[in-house]
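Residue numbers (our numbering), protein chains in the order written: chain R, 1 to 328; chain P, 1001 to 1503.
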């Protein structure tokens, strides 16, 4: 009797405030933005914010798969660069080329993720190193391809995804195409992670790969799938960024660490076993909100990097602290 | 008669819920080998850990050379001359023999640099005591030496630190026949130099060969003390002499046992030889043997994790050859790993997720996590309910559950797959008595429903109490078979190499 009721009480005490802290952080940041710029409550304000957050949110959704499975994917930043540079080379100002270049770039993301997964699973290279190597390789390829001086133009048909707005939408007035793309990706990735079998297996292999293997989970297949989903998210983010940022060889630089920071802000457990796509989305919005605030304050780019580094460390430290308290 | 070097008087040690040692007295004299024997969990390791300062006794005293000592850390006992050689070596494989021997107390030159020449010479001297010395170059890396030679280095290290007492914890576990002889010679050398030796082992042969006196521990108490080595039967009786509690499920009746589920003919790999084995529907077969006898290797061969490379395996009459656990599971084999935390559970996930793990692994990754081709959450909840798992709710993280409840969740994982053959490795390790009975009855129910069950356990009374048939393994082979109701003495004899009894 007592034995049965005691843990139940303890359980309730632990679980009562189950709201993820990332949403509180986001609410505070949004309040601060509104305080500094009341225009944010207008559709132009928040839609532009969402539009800016879209590539990072999509990347974070992919990254959270790899982190939950027990790894890191550092290659997505330079994958973005390669996608943007490659698209500009291939389309060569021909609007009709978009039709085949976009599927090709999605395929590129898929292949990069697949190769990352193969290297990690079968060559036993730790993912941090494997994807670091991939990051350097892809960066090099982007430079080689463009000769270091990329043509500065992508056709409007290509830039549709990153730049266009759907107008005359009831209630909000307009929706950027990139926000729709983001909603679709977050929805699909969230469903796969939290409502489908795959997500539970990603959690299992990140939690304890040996136990998962002995329970029959195809560990390599699931791990490769996680990298493929991350690679795919990199390609999609690249297509959006190509649309609104233009072509350069550093367009994707630093995005991989932002994506990891966003996932960790959302409570993803480094080294695997726990991770949430909606919370990583919240993390991406929070990070974008912080950058927006820094912009308002007129702080230069290097400060942004300092802040981002500190946030990453703080988020991980906080997660470790929570983990100790709950006795993991 | 010389005075004892070590005297332990009235040692009592309690862990939460368990009395590990009660009123144990024990002494060792200079120049003798005292064998310390007992089943797993009898308290041998606890006693040694108190001696070396890893644990502190609740009461009782330890005297070294007549003076009471209180070690609170192994470093202190080492400094006082007590060296414990554990099964896992403490040597650094990437350092040379000489560097290992003088680790932390390297001789210095006048300028404070390490005196490599002196270190090498003194290493030669320390090693020269042992027969194997000729083959040990002080400049070789320890990692390049074979296991027995490493052990000799470890012993030489103990001697060169001036140890008066050397404790060896099952030192032959990883050694072959010839290597054992080398080790025995080293032990003889130590004894000749007046070192007091505590030698922990399961094997009667080693006791007969080495020991001067024998102390038997059972359930935390001294069960017997022999001032000279008795015939092995007397030791074995003292080790196991207890009643089989009646909490085991009744064995299978003859009509409950059906056709063979599993048959192995001439199976072997680098750990196993000449394995002939049959498990019938409705039958629980127990596998007994000492650590390293090949029981787990056999389980992993059947489960495809470390497959046989020769011989033939049939499952329900069909020839199979599983190369991965996934293939074995698809073929109808299930396995409960021996180490629940590191091999069985995904600790951060819920009770349900742990139960559904295998069912999901064999369904489409795109199917819902609630329902797949192998079952659904409702069915899992019914299985968990049926086993009376105690949890606040099944969405709770499994790490919060007791060991027994965790084990039941792993059983539920397999039940949902309806395996033909289910292998249990140490199914009750570290779980309380009530849950143990629950697991035994669960195993029997599974057998009644027609599965074949293979159980590996280091708890001898458990193997004998649960199994319908007991197979004994030794050095990778099955050396004896007993029907239900065999005595512990018989099985222990067969497992420790006294093969006269086992026909």
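Positions of the beta carbon are idealized from the N, C-alpha and C atoms, including for glycine.
May I have a chain-ordered list of the alpha helix (DSSP H) segments no shorter than 4 residues that lie completely inside the stretch 133-172 of chain R?
156-163
Check: residue 1165 of chain P C-beta below 7 Å from any heavy atom of the ligand NAD:
Of ligands this structure carries none, so the ligand NAD is not represented either.
Cβ of residue 1360 of chain P less than 8 Å from any chain R Cβ?
Locating residue 1360 of chain P in the second chain gives position 360, where the first residue counts as 1. Yes, its Cβ sits closer than 8 Å to a Cβ of chain R.
Taking the alpha helix (DSSP H) that residue 1045 of chain P falls in, what are its first and last residues?
The sequence position of residue 1045 of chain P within the second chain is 45, counting from 1. It spans 1044-1051 - the alpha helix (DSSP H) in which residue 1045 of chain P sits, taken as one unbroken run.
Comparing the C-beta of residue 200 of chain R with each C-beta of chain P, is any distance below 8 Å?
Taking the first chain and counting its residues from 1, one reaches residue 200 of chain R at position 200. Yes - at least one Cβ of chain P is within 8 Å of the one on residue 200 of chain R.
What residue range does the beta strand (DSSP E) around residue 1032 of chain P cover?
For the purposes of this step, residue 1032 of chain P is identified with residue 32 of the second chain, where counting begins at 1. Segment: none, residue 1032 of chain P is in no beta strand (DSSP E) and carries neither H nor E.
Taking residue 1325 of chain P as the query, report the chain R residues whose CB atoms sit under 7 Å from its CB, ordered along the chain.
Taking the second chain and counting its residues from 1, the one referred to as residue 1325 of chain P is at position 325. Correct list: 213, 214, 216.
What residue does the beta strand (DSSP E) around residue 1090 of chain P start on, and which one ends it?
Position 90 of the second chain holds residue 1090 of chain P. Here residue 1090 of chain P belongs to no beta strand (DSSP E), and DSSP marks it neither H nor E.
Please state if the CB of residue 1412 of chain P and the CB of residue 1380 of chain P are separated by a distance shorter than 8 Å.
Looking up residue 1380 of chain P in the second chain gives position 380. Looking up residue 1412 of chain P in the second chain gives position 412. In contact: residue 1380 of chain P and residue 1412 of chain P (Cβ atoms closer than 8 Å).
Per the DSSP calculation, residue 1009 of chain P is bridged to which residue(s)?
Looking up residue 1009 of chain P in the second chain gives position 9. Paired residues: P/1061.
DSSP three-state assignment for residue 293 of chain R, whether helix, strand or coil
Here residue 293 of chain R refers to the residue found at position 293 of the first chain. It is helical.
In the DSSP assignment, the alpha helix (DSSP H) including residue 1205 of chain P goes from what residue to what residue?
Residue numbering aside, residue 1205 of chain P sits at position 205 when the second chain is read from its first letter. Taken as a continuous stretch (DSSP letters only), the alpha helix (DSSP H) holding residue 1205 of chain P covers 1204-1210.
Does residue 207 of chain R get closer than 8 Å to chain P when you measure Cβ to Cβ?
Counting from 1 along the first chain, the entry for residue 207 of chain R is found at position 207. Interface residue, yes.
Cβ-based burial, residue 35 of chain R [other Cβ within 10 Å; buried from 16]
In the first chain, residue 35 of chain R corresponds to position 35, counting from 1. Around the CB of residue 35 of chain R, fewer than 16 other CB atoms lie within 10 Å, so the residue is classed as exposed.
If you count every other CB in all the chains shown that lies within 10 Å of the CB of residue 1369 of chain P, and 16 or more means buried, which is it?
Walking along the second chain from the start, residue 1369 of chain P turns up at place 369. Flag for residue 1369 of chain P reads buried.
Residues in the same chain with beta-carbon distance under 8 Å from residue 1307 of chain P, minus the five sequence neighbours each way, listed in chain order, please.
For the purposes of this step, residue 1307 of chain P is taken as residue 307 along the second chain, with counting starting at 1. 1269, 1301, 1321, 1322, 1323.
Just the C-alpha distance for residue 1463 of chain P and residue 1392 of chain P, rounded to the nearest angstrom, thanks.
What you label residue 1463 of chain P is simply residue 463 of the second chain in a count that begins at 1. What you label residue 1392 of chain P is simply residue 392 of the second chain in a count that begins at 1. Near 33 Å, if we compare the C-alpha coordinates of residue 1392 of chain P and residue 1463 of chain P.
Min CB distance residue 196 of chain R to chain P below 8 Å:
For the purposes of this step, residue 196 of chain R is taken as residue 196 along the first chain, with counting starting at 1. Yes, because at least one Cβ of chain P sits closer than 8 Å to the Cβ of residue 196 of chain R.
One question on the structure: do residue 1006 of chain P and residue 1024 of chain P come within less than 8 Å of each other, judged by their Cβ atoms?
Counting from 1 along the second chain, the entry for residue 1006 of chain P is found at position 6. Counting from 1 along the second chain, the entry for residue 1024 of chain P is found at position 24. Not in contact: residue 1006 of chain P and residue 1024 of chain P (Cβ atoms no closer than 8 Å).
Which stretch, first to last residue, makes up the beta strand (DSSP E) that contains residue 1218 of chain P?
Looking up residue 1218 of chain P in the second chain gives position 218. Secondary structure note for residue 1218 of chain P: its beta strand (DSSP E) is the uninterrupted segment 1213-1218.
To the nearest angstrom, report how far apart residue 1244 of chain P and residue 1465 of chain P are at their CA atoms.
Translated into positions along the second chain, residue 1244 of chain P becomes position 244. Translated into positions along the second chain, residue 1465 of chain P becomes position 465. Caution applies to residue 1244 of chain P, whose pLDDT of 40 falls short of 50 and renders its modelled position unreliable; the value that the coordinates give is listed next. Near 7 Å, if we compare the C-alpha coordinates of residue 1465 of chain P and residue 1244 of chain P.
Look up residue 1549 of chain P in the DSSP assignment and give the residues it is bridged to.
The question about residue 1549 of chain P has no answer here: the residues shown for chain P are numbered 1001 through 1503.
Straight-line CA distance for residue 315 of chain R to residue 1461 of chain P?
Looking up residue 315 of chain R in the first chain gives position 315. Looking up residue 1461 of chain P in the second chain gives position 461. For residue 315 of chain R and residue 1461 of chain P, the distance between alpha carbons rounds to 52 Å.
CA-to-CA distance, residue 1008 of chain P to residue 1080 of chain P, given in whole angstroms:
Numbered from 1 along the second chain, position 80 holds the residue referred to as residue 1080 of chain P. Numbered from 1 along the second chain, position 8 holds the residue referred to as residue 1008 of chain P. Those two C-alpha atoms are separated by around 15 Å.
Under the three-state DSSP convention, the category residue 1162 of chain P falls into:
On the second chain, position 162 is the one that residue 1162 of chain P refers to. Three-state result, residue 1162 of chain P: coil.
Based on Cα-Cα distance, which residue from R/317, R/288, R/307, R/271 lies nearest to residue 64 of chain R?
By 1-based counting over the first chain, the position of residue 64 of chain R is 64. Closest option to residue 64 of chain R, Cα to Cα, is R/271.
Quick check on the DSSP output: what are the complete alpha helix (DSSP H) runs of length 4 or more inside the stretch 184-218 of chain R, in order along the chain?
Those alpha helix (DSSP H) runs which fall completely within the stretch 184-218 of chain R and span 4+ residues are 197-207, 209-214.
Where does residue 1311 of chain P sit, in a helix, a strand or coil, going by DSSP?
Counting from 1 along the second chain, the entry for residue 1311 of chain P is found at position 311. Here residue 1311 of chain P sits in strand by DSSP.
Go ahead and pull the three-state DSSP assignment for residue 261 of chain R.
Within the first chain, residue 261 of chain R is the residue found at index 261, counting from 1. The answer is helix: DSSP assigns residue 261 of chain R an H, G or I state.
Pair within 8 Å by beta-carbon distance, residue 1264 of chain P and residue 1334 of chain P
Residue 1264 of chain P sits at position 264 when you count from the first residue of the second chain. Residue 1334 of chain P sits at position 334 when you count from the first residue of the second chain. Against a cut-off of 8 Å, the Cβ pair of residue 1334 of chain P and residue 1264 of chain P comes out as no contact.
Buried versus exposed, by CB contacts within 10 Å (16 or more), residue 303 of chain R
On the first chain, position 303 is the one that residue 303 of chain R refers to. Residue environment: residue 303 of chain R is assigned as exposed (fewer than 16 neighbouring CB atoms within 10 Å of its CB, all protein chains considered).
Terminal residues of the continuous beta strand (DSSP E) containing residue 1470 of chain P?
The residue you call residue 1470 of chain P lines up with position 470 of the second chain. Counting along the chain, the beta strand (DSSP E) containing residue 1470 of chain P begins and ends at 1469-1474.
What span of residues does the beta strand (DSSP E) with residue 1455 of chain P cover, start to end?
Counting from 1 along the second chain, the entry for residue 1455 of chain P is found at position 455. Looking at the DSSP string, the run of the beta strand (DSSP E) that includes residue 1455 of chain P is 1452-1456.
Grab the span of the alpha helix (DSSP H) containing residue 126 of chain R for me, first residue to last.
Along the first chain, one-based indexing puts residue 126 of chain R at 126. That residue, residue 126 of chain R, is in no alpha helix (DSSP H); it is neither H nor E in DSSP.
Answer yes if the stretch 171-189 of chain R comes into contact with the stretch 1343-1363 of chain P, meaning at least three C-beta pairs across the two stretches below 8 Å, and no otherwise.
no
So, helix, strand or coil for residue 279 of chain R, using DSSP?
Taking the first chain and counting its residues from 1, the one referred to as residue 279 of chain R is at position 279. When secondary structure is reduced to three states using DSSP, residue 279 of chain R falls in the helix class.
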